[in-house]
Amino acid sequence: MKEYAYFLGCITPNRYPGIEAATIKVLNKFGIETRDIEGASCCPAPGVFGSFDLRTWLLIAARNVMLAEKKGLDIVTTCNGCYGSLQEADHILKERPELKDWVNENFKEEGLEYKGNIKVKHILEVLYDDIGINKLKEAVVSPINAKIGAHYGCHFLKPSLVRGHGNPERPTILDELIEATGAESVDYKDKLMCCGAGGGLRAKELGYSLTFTKQKLANMKEKGIEGVIDTCAFCHLQMDRGQIEIKEKFGEEYNLPVLFITQLIGLSLGFSTKELGLDKHSIPMTEKFIR
Amino acid sequence: MKSLVIGGGPAGLQASLDLANAGYDVYLVEQCFSLGGRAVQIVKNYPSLTFIKDFMKPLMDDVYNHEKITVLTNSEVIGVDGEAGNFKVKVEKRPTYVNLEECKDESCAKAMDVCPVEVPNEFNVGLDKRKAIFAPFSYSVPSGCVIDEKSCLHFKDGSCSKCSEVCGGINFDEKKETVEIDDIGSIIVATGFDPFDPNLRPELAYDKYKNVITSLEFERMLDENGPTKGKIIVDGKEPKSIVFAHCIGSRDKKVDNPYCSRICCMYTAKEAYMAKEKIPDATIAVSYIDMRAFGKGYEQFYEEVQKKQVLYRRGVAAEIYGNGDKVVLRAEDTLLSEPYEFSADLIVLAVGVEPRSDSAKLANVLGLQLDDCGFFVEKNVYDTCETEKDGVFIAGCCQGPKDIPDSLMQGSAAAAKAIGLMQRCNT
Amino acid sequence: MSLKDEIEECGEILGKDTVDSFLVCMQCGKCTGSCPSGRITSYRTRRIINRLQAGDRSVLSDPDLWMCTTCYTCYERCPREVRITDIIRAVRNIAAREGYMSEPHRATASFVIKTGHGVPINDETKKLRKELGLPEVPPTTHKYPEALESIRKIVKKTNFDKMVGFDWDTMSLEKREKK
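Protein chains in written order, with the numbering used here: chain A, 2 to 292; chain B, 635 to 1061; chain C, 419 to 597.
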């Protein structure tokens, strides 16, 4: 039985617990257990805290990694930001012994030590590598019949030098997972464009930030896309709640349901809309996503 | 004492001719079916706008017909022993399965006509098809047909021998042979380059859209004898707006090509000029980083192109996306500090010069060094013909990117060096 | 200290070679042309790099510096392998130290000091968590006060609290003049 330390971060548990519920249900279905990381904090966001003070960013991120390492478990995340911070911090500490020493010095009295024995994984990797497309396909009981816009977000793929998932210009991992549920992943203009939330832009310049989102949603609508599938809780917030904000700010309505990848897979495995928290999204689910 | 030249492009041809005219016996080994190298794919030269054929064809003929030059096409150097003044060389000569002396006037055309196989034509970079028996290009030297055994059905499963029914020159039993040449005093390497594969920059979507093409594909469309009979046609239509994008695969560490390819600024200027001549009402723009017009008369030619209302906009091509029939180039106008989009019927990617993919293999055979980029290493910056290996010289693009006049010059320089060495060895 | 030296000092975490790669920018514009923010805002990636090359400290107070969403598209595509996004983060660190941190960003930072989360939980989500069969309060700093203390220790150690202007007596942000 495979076990992961589930790093929750902020948006997943504190805004979209449906993502948390869906992820646990889907992983359990395939015999993968998730364990709490007691006392974990904000990752903290790579483009926000990384922009404020890199030393503070690294110490807090390292602490989160060490808490999982103490349990002897690899980490799984459901947010590109969390993945970005923890994976980058882990990468830096593995590459730079002097920083590892500095981190360990800082956490000595708390009894924490960074050893570099675990991996930080994104939920996409767990779904794709541990479970696999074939197993997912076989488990589908309620196929999704919808045109989907895949939204990869940024920090799962980039910087590729640190992430190591290959060239970030033409990824297919999310599209393959979407299609495993029976849905069709439709290409659209600026598919790999950022949702607009990151780097502190959402907090500081909501109007500009939502303009990114608006462009993406409009590009999806143009291709007849019926639902957005994302891989990041922060993108998820921006794409779902963002549509309400876009309506308020710009008077434009898109009404595109937004689902996290494990929520889409959850539906295809027979879980109900309610069990996956989808009924509590800002944008209501359409027929295609109601079970 | 004899001399070996590897590569039958401008540098190798010029070197062979200079050596032969100085009285040396020359073996010229060319990997392709015809002499000419990549230069023969180009229609006109810059800045003179003269036809390259008018220069290359006589040069190829002079070399081929020279009594002191033995031309081995479809051949490859597979072994070199010995030292300066006395190399022993092994050349693998592959069969063409066509004995040109047996060929009658019309038999080539007949043979190509009956051949049932069609494959993309390399010479026209896939813009049209050729048969399995084919003439490499309109003025190939040696002239006449060859059989490409990789696509010929006779070699696949023996199911076809139609060409041999109409042409007496066909001989399917021809075998490859190894030619051994002794008493080679000097070797000149002039193996040329490969064009950059734009798929290594996926954001430019070369594989996604028919109307994003390479400069070499565009060049083939400019040829009156080419696949479009000299018409610029994309997807059945004549483009009314064209963007040329500089520095694709050049000055780009991301694709391991940190160097300037030297030729793209000027060949693009020429292609833009010719495009404007062929489609006078077309809107033509060029996206560039820095304009490098360093040769004699080049800057003045750049001016002539601008007079044609070709718009030069500073800033490299950032990405390309499709919009209906159009392709849209995104870039920053770095002089205005403004990002902009140019919606065009055609985008031409000015692909750069890369070391040949097989240069490591040849370097191994010859005992030569490759630099970080994969080009052959010259002795020093003041002597770009000599190498660390005594008696082996380099010329043309295999040493580093350069245009045709510079390649010819380096070919001559390498020949002079080789002659000097062989003179010394004789005394 | 020159701007270049300050940037290199920020390289202690990201690597000196990473952050001083702005020196080799050739001003081709690949970054700006690829930048989704540049199509929407006045942010011009290449100009920022150009100003860093010139040692222009006005970059630090320029609101454009904060228009990057850290999407890394420029970083991935830069033909000179200038690590742009990392450089932006490093330069923002210097700007933040000099007091050019916006109020919303100070607020985000203060949430982490107060709760351990940049986006803390609310009553509505607690209710939803319960409905979904999850513990009402997630097993994070929200549940473990000693864990929150650990975070607070870190921000005191790095003087992050002072940089942000966090007042431990009132547990809120000090008033700051807009810079």
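Even glycine gets a Cβ: it sits at the ideal position worked out from N, Cα and C.
Can you tell me whether residue i is helix, strand or coil according to DSSP?
i	result
C779 (chain B)	coil
A181 (chain A)	helix
F31 (chain A)	coil
D585 (chain C)	strand
Y562 (chain C)	coil
D915 (chain B)	coil
K724 (chain B)	strand
T287 (chain A)	coil
I425 (chain C)	helix
F440 (chain C)	helix
S479 (chain C)	helix
H880 (chain B)	strand
E972 (chain B)	strand
H535 (chain C)	coil
E938 (chain B)	helix
S1062 (chain B)	What the structure shows of chain B is the stretch from 635 to 1061, and residue 1062 (chain B) is not part of that stretch, so it cannot be assessed.
F928 (chain B)	coil
T232 (chain A)	coil
F771 (chain B)	coil
R947 (chain B)	strand
V121 (chain A)	strand
I954 (chain B)	strand
V127 (chain A)	helix
D886 (chain B)	strand
Could you say which of the options lies nearest to residue i if we only look at CA atoms?
i	options	result
L293 (chain A)	A:I284, A:F157, A:S283, A:L268	One cannot answer for residue 293 (chain A) here, as it falls past the ends of chain A, which runs 2 to 292.
E726 (chain B)	B:L669, B:F757, B:E717, B:E811	B:E811
V714 (chain B)	B:V697, B:A1049, B:D1005, B:L1000	B:L1000
Y680 (chain B)	B:S993, B:V660, B:D817, B:M908	B:M908
K724 (chain B)	B:I767, B:L662, B:E735, B:F771	B:L662
F157 (chain A)	A:I93, A:A90, A:G82	A:G82
K72 (chain A)	A:T35, A:A90, A:Q88	A:T35
I954 (chain B)	B:H788, B:I712, B:L787, B:P836	B:P836
M194 (chain A)	A:I25, A:G154, A:Q239, A:G252	A:G154
K95 (chain A)	A:M67, A:G112, A:T78	A:M67
Taking its Cβ as the centre, do 16 or more other Cβ atoms sit within 10 Å of residue i, making it buried, or is it exposed?
i	result
L969 (chain B)	exposed
I61 (chain A)	buried
F965 (chain B)	Looking at the sequence shown, residue 965 (chain B) is not Phe but Ala. Looking at its Cβ environment, which holds 16 or more other Cβ atoms inside 10 Å, A965 (chain B) is buried.
S741 (chain B)	buried
S820 (chain B)	buried
I245 (chain A)	exposed
M589 (chain C)	exposed
E1020 (chain B)	buried
I'd like to know whether the C-beta atoms of residue i and residue j end up nearer to each other than 7 Å.
i	j	result
C1032 (chain B)	V705 (chain B)	no
N805 (chain B)	N708 (chain B)	no
E808 (chain B)	P729 (chain B)	yes
K116 (chain A)	D75 (chain A)	no
A508 (chain C)	I425 (chain C)	yes
L1 (chain A)	I431 (chain C)	The structure shown does not extend to residue 1 (chain A), since chain A is modelled only from 2 to 292, so the question has no answer here.
A654 (chain B)	K702 (chain B)	yes
N65 (chain A)	A41 (chain A)	yes
T902 (chain B)	A769 (chain B)	no
E494 (chain C)	K159 (chain A)	yes
A69 (chain A)	A6 (chain A)	yes
E949 (chain B)	G447 (chain C)	Note that residue 949 (chain B) is Gly in the sequence shown here, rather than Glu. Yes, these two residues count as a Cβ contact at 7 Å.
G473 (chain C)	L441 (chain C)	no
K561 (chain C)	V555 (chain C)	yes
E710 (chain B)	D828 (chain B)	no
S849 (chain B)	V677 (chain B)	no
Note to self: Which complete beta strand (DSSP E) runs does the segment 804-830 of chain B hold, if anything under 3 residues is left out?
What the structure shows: 811-823, 827-829
Item checked: In chain order, each beta strand (DSSP E) run of at least 3 residues that lies wholly inside the segment 140-219 of chain A -> 148-152
Check: Unbroken beta strand (DSSP E) runs of length 3 or more, entirely within the segment 989-1054 of chain B: which are they?
Finding: 1026-1028
Next item on the list: Would you mind listing the alpha helix (DSSP H) stretches within the segment 682-722 of chain B that are 4+ residues and don't spill past its ends, in chain order?
Entry: 686-699
Item checked: Runs of alpha helix (DSSP H) wholly within the segment 728-760 of chain B (minimum 4 residues, chain order) -> 741-748
Next item on the list: Tell me the start and end of each unbroken alpha helix (DSSP H) in the segment 448-475 of chain C that is at least 4 residues and wholly inside, in chain order.
Entry: 448-452, 463-471
Notebook entry, point to check: For the segment 479-500 of chain C, which residues have a beta carbon sitting closer than 8 Å to at least one beta carbon of chain E?
Noted result: Judged by its chain identifiers, the structure shown contains no chain E, and its protein chains are A, B and C.
Notebook entry, point to check: If you scan the segment 234-288 of chain A from start to end, which runs of the beta strand (DSSP E) of 3 or more residues do you find wholly inside it?
Noted result: 259-261
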